[in-house]
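In this note's numbering, the protein residues as written are 233 to 329.
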């Protein structure tokens, strides 16, 4: 006996895990000029101040879109779209608006 598969019963495609991340929106004009990674961690709420952000960066606990970043002065620019920023166990999706 052959059974037909009902297309309505097919599982939905996996949604990006980024949709579950908290989102932070910053002005395009601010991000287009570039922001230091340490400042960005503070603006995104991932560090309470720049000193705490620098410690996270020095310890190798930060990444941008899964790329490890170890330079607190690295300039991050974003004019369109979004990037995922992680610091320690916390992550956010940063959008330019």
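Ideal placement from N, C-alpha and C gives every residue a C-beta, glycine not left out.
Identify every residue that forms a DSSP beta bridge with residue i.
i: residue 290; result: Per DSSP, none; premise fails for residue 290.
i: residue 324; result: 317
i: residue 282; result: Partner(s): none; residue 282 has no beta bridge.
i: residue 267; result: 308
i: residue 295; result: 300, 318
Pick helix, strand or coil for residue i, following the three-state DSSP scheme.
i: residue 237; result: With a pLDDT of 40 at residue 237, under the threshold of 50, the predicted position of this residue should be treated as unreliable, though the coordinate-derived value follows. Correct three-state label for residue 237: coil.
i: residue 311; result: coil
i: residue 274; result: helix
i: residue 329; result: coil
Around the Cβ of residue i, are there at least 16 other Cβ atoms within 10 angstroms (buried) or fewer (exposed)?
i: residue 280; result: exposed
i: residue 301; result: buried
i: residue 249; result: With a pLDDT of 49 at residue 249, under the threshold of 50, the modelled position of this residue cannot be trusted; read the value that follows with caution. So residue 249 counts as exposed.
i: residue 329; result: exposed
i: residue 285; result: buried
i: residue 312; result: exposed
Could you pull the start and end residues of the beta strand (DSSP E) that residue i belongs to?
i: residue 253; result: Run containing residue 253: none; DSSP gives neither H nor E here.
- Query: Are there three or more Cβ pairs, one per stretch, closer than 8 Å when the stretch 280–291 is compared with the stretch 253–261?
  - Reply: Not touching, per the Cβ criterion.
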